[in-house]
Each structure stands twice: as C-alpha cells, then as structure tokens.
Amino acid sequence: MSAPRGEFSSRFGFLMAASGSAVGLGNIWGFPTNTASNGGAAFLFTYIVLAFAIAYPALMAELIIGRHAKANAVTALRGLARGPLTRALGGMVGYAGMITVSLILSFYAIVSGWMLAMTMASLANLLQFDAAADWLATGSVVRDAIFTLGFMLMTLWVVTAGVSNGIEKWASRLMPSLFIILVCLIIYVFTLDGAMEGLRMYLVPDFSRMLEPGLVVSAMGQAFFSLSLGVGTMLIYGSYINRRENLPALGRMVTLLDISVAVTAGLLILPAMTVALNLGVPIYDEQGGLIAGPGLIISVLPALFDQIGLAGILVSLAFFILMTIASLTSSISMLEVPLAYVVENYNTSRRRVGTWLTLGITAISLLIVFNFDTLFDLVVSLTTEYSQPLLGFFFAIFAGWIWHRNGILQEIRQGSENVEHTMFWRIWPVYVKFVVPVAILAIYLQTLLG
Ligand code: PHE
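Counting in my numbering, the sequence shown runs from 7 upward without gaps.
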C-alpha cells in the first residue's frame, strides 16, 4: 500500500532520537523551576523515584507495543484489541494522542520560537546590531508569529527527510552538542559569585514537603511530560526499532539520559538564578515565589547575561542554542506522530502531509499567540496535566489487560536473550497491569479534584 516503513539505522541513532524527544524544555526549565518552587531536593527525590517506578514502565509499554505493531498508534492499539469495544477504544486513544500531541506542539513551537528569537538576538548583540538585537529580544506578537513559523519550518524540514535521514541524523548531531554546551555552561556559572546559594537551594531537601500531594502530582506530571508519554511519540519511535534490539535496555538508557539531563540542568538554572539575585536582578514574583516558566528564561536569565558583559553575550548565545536544540529534537518527535499515521493510512508523501500538518498546527499556534493570556495556560494544562496522564493510563491498560500476556512476553524476548532471568521480566508485566494504572488514576483524580 504505502512506501516501506522507516527504521533507525543504529542503536546510537535510536538513543539520540528518543532521548532527544524526551530531553526538551521540560528538562531544562520545567524541571529546575519545579524543583526550586517545590522544596528543592524533596522534589528531586520524589521525581527520581516516580520516573523510575511509574514513567519507565509506562515508557516500556509504549516502546513494546510500537515495535510489536510496527505501525502508528491507532493501527497498533486496534491490532491488540480483543473485540469491537476494545478496538474502538484503541482507535480513540490513538486519535486522542494525535490531537494532544498536535496541541502540545502548537504551544511548544511558540516557546521554541522565543528561544530561536533569543538566539538571533544574542548573535545580533555580538555583531553590535543593537536595534535588531533590541527588537529580537522584546516580545511582540509579530516577532512571536514569525519565529513560531520559523521554528515549525525547521521541524518540518527535518521530519520530511525521513526517519533515519532526518530525525536520526539530526538527533545524532544535535544531542551530543547539547550535552557539551550544558556542561560548559555549568562550569562557567560556578565561577560566578552566588552560585553556591543556588546549589544549596537545589540540593538541600525540605523533607516536610516530600509527601505533600501537590508535590507528588507535579513530580508525576513532570515525569510524564519529560518522557514524552501518553501521546504515541514513544510508540512510534518504538515502531522504528529493529527486532534485534534489546528493548528493556534501550528504554532504561532513555530514562537515565532524560533524568540525568534534568538533574544536570538543575545545576545550571538554580545557581544562575542566585547569581542573578546577587547582581540585583529580581528573581521572585509579587507573591514571593520564584519567577518560573517563561518569565525565568526570557527575563531573569537575559538580565543576568546583560550584567556580565561580553562573556554574557557568548553565554547567552550558547544558552539559547542549547534551548533551541532541546526544543527541535522534541518537536520533530511530536510532528512524527500524526504524520506517520496519515502516511501509513493514505497513499501520500511525507512532504505533503508534513506541509499540511505544519500549516494546521502553526494556525493553532497563531491563534494562541494572538490570544495569549486566555489560551496559553489553558492549552498547556489541558494537554499536559489532563490528557497525557489519562492517555498514559490507557496505554498501560492495553499493555497489561487487553494484549495477551504471551504476545507481550514474546515481543520482549525478541532481541533480549537472557531476559527471563532479569527483574524486568519478573516484575514489569504485573507492574504495568496494576501499579502503573492505579498510580496514574490516583494522581489524575487528585489533579481533577485539587
Ligand atoms: N519530553 C519533551 C520535553 O521534555 C516534551 C514532549 C512531550 C515531547 C510530548 C514529545 C511528546 O520537553
């Protein structure tokens, strides 16, 4: 019917693509600021536990279903169904994932557009094009519209080149650069006065807050968003993995990489905030909370960079390149979800589908840009707090209850020879059946009621 399916050409390529999807704005600013406003190391600890205990098993469900079906989420979930009812449910979950991921991309592209604009602003500063730098660094509807579109076109360009020639190739180039830039920036920040305060804020736990329900909910949401779960992204990446690869090991690596980058990014962002405070840049909002979210990245940090002269311009350039790379390797994994579905079901090309999807998603982004105050937070919370965990719940139900146990064990066995002797083999099937759905449901209800 359609062209042969794409496949990652190497293990390294898959690891870079999947960790590229996972590592994004969620790690480099969501995680550090969440940590800072939720009791420092108490949040860090809860997050690490939840990421391994709930998010890793959920990630495995998506990877295993994807590689088994070698298809998009709708086809994959329908294929596991046992009757008309579960078939309909599978279709609904798959479609809901595509809608959710398209909406996530529509707000993600706006924020990524800011990162792109700030990269250009730093360049303009370096070249002493002061007027251009000012315009680029000042938020306006026109600037945001232009850079959102620019970022979406970059995403489209990578994705249309294909799985191994586009996604894998670019992730393999960009992710190592991301690691290097991150480490260099951390080393630099620690040479500045005041960094130690931030480190203390990050690593000294406020244990009294550790079991606060609000903290657990945020840590869980953070883990789901960060590992790109629930929306079919990891399922589709799983579907491009060769049957000779050891899935539990790959999933573990992706989880480890994602957590390490988040934890490492905390060593950059929190010390940078206290350095800024030390230089007189305000880092608390009117309510006395830390300035988190957009305000941090586009006001606090730039104000800090301004204070440190020429080095500041270079650091700012490196920082916003880092953010743009993190965004791009995530956005390509989002666009791939609806794109793969259409390409696999209708006889048409990646370029054509990609172009239409890009137009549609950019249109939604522009709607948000023009009604920022009413729409932005709404779309973010609907998709990441409600839709993602709920869909993650259904993926666990499909892996644990609907798919026949023998089928799933057989898929795990492919490519992992001695898997029968591992903890994963013994624990995961039971775990994904009971613990994961119950935990998600409990936390989901909390968000609803809270
Ligand atoms: N994991 C990405 C981040 O941390 C966001 C993402 C969500 C990517 C859903 C793909 C799908 O920024």
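Yeah, the Cβ is synthetic: ideal placement off N, Cα and C, and Gly gets one too.
Contact under 8 Å by Cβ, residue i with residue j
i: residue 191; j: residue 324; result: yes
i: residue 327; j: residue 164; result: no
i: residue 449; j: residue 222; result: yes
i: residue 420; j: residue 258; result: no
i: residue 263; j: residue 29; result: yes
i: residue 72; j: residue 245; result: yes
i: residue 399; j: residue 435; result: no
i: residue 26; j: residue 181; result: yes
i: residue 253; j: residue 69; result: yes
i: residue 276; j: residue 205; result: yes
i: residue 75; j: residue 82; result: yes
i: residue 24; j: residue 243; result: yes
i: residue 234; j: residue 240; result: yes
i: residue 33; j: residue 267; result: yes
i: residue 216; j: residue 51; result: yes
i: residue 333; j: residue 21; result: no
i: residue 145; j: residue 289; result: no
i: residue 213; j: residue 36; result: no
i: residue 393; j: residue 106; result: yes
i: residue 306; j: residue 287; result: yes
i: residue 60; j: residue 390; result: no
i: residue 414; j: residue 431; result: no
Cut-off 7 Å between Cβ atoms - residues of its own chain near residue i, not counting five sequence neighbours on either side
i: residue 376; result: 147
i: residue 8; result: Annotation note: pLDDT 47 at residue 8 (below 50); position unreliable, no value reported.
i: residue 195; result: 201, 274, 277, 278, 281
i: residue 12; result: 168, 169, 170, 246
i: residue 108; result: 344, 367
i: residue 16; result: none
i: residue 411; result: 435
Limits of the alpha helix (DSSP H) - the one that residue i falls within
i: residue 439; result: 429-439
i: residue 226; result: 219-232
i: residue 284; result: 253-284
i: residue 74; result: 62-75
i: residue 216; result: Per DSSP, residue 216 belongs to no alpha helix (DSSP H) and is neither H nor E.
i: residue 374; result: 356-376
i: residue 405; result: From DSSP, residue 405 is part of no alpha helix (DSSP H); its letter is neither H nor E.
i: residue 351; result: 315-351
i: residue 243; result: 239-245
Cross-strand partners of residue i (DSSP beta bridge)
i: residue 296; result: 290
Own chain residues within Cβ distance below 6 Å of residue i, not counting five before or after
i: residue 67; result: 401, 402, 405, 438
i: residue 92; result: 408
i: residue 101; result: none
i: residue 103; result: 79, 237, 238, 397
i: residue 261; result: 62
i: residue 162; result: 360, 364
i: residue 19; result: 174, 178
i: residue 157; result: 115, 118, 119, 122
i: residue 209; result: 47
i: residue 124; result: 326
i: residue 57; result: 229, 265
i: residue 386; result: 113
i: residue 329; result: 121
i: residue 370; result: 112
Neighbour flag for residue i against chain B, beta carbons, 8 Å
i: residue 158; result: Among the protein chains of the structure shown there is no chain B, as only one such chain exists.
Neighbourhood of residue i by C-beta, 8 Å cutoff - its chain only, sequence neighbours within 5 removed
i: residue 356; result: 165, 166, 168, 345, 349
i: residue 319; result: 128, 131, 132, 311
i: residue 395; result: 226, 227, 230, 236, 446, 449, 450, 453
i: residue 99; result: 79, 83, 397, 400, 401, 404
For a minimum of 4 consecutive residues, which ranges assigned as the alpha helix (DSSP H) are wholly contained in the segment 149-204? Those alpha helix (DSSP H) runs which fall completely within the segment 149-204 and span 4+ residues are 175-195.
Ranges of the alpha helix (DSSP H) found wholly within the segment 9-48, counting only runs of at least 4: The segment 9-48 contains these whole alpha helix (DSSP H) runs: 17-28, 37-43.
Restricting to runs no shorter than 3 residues, where is the beta strand (DSSP E) found entirely within the segment 79-158? Within the segment 79-158, not a single complete beta strand (DSSP E) segment reaches 3 residues in length.
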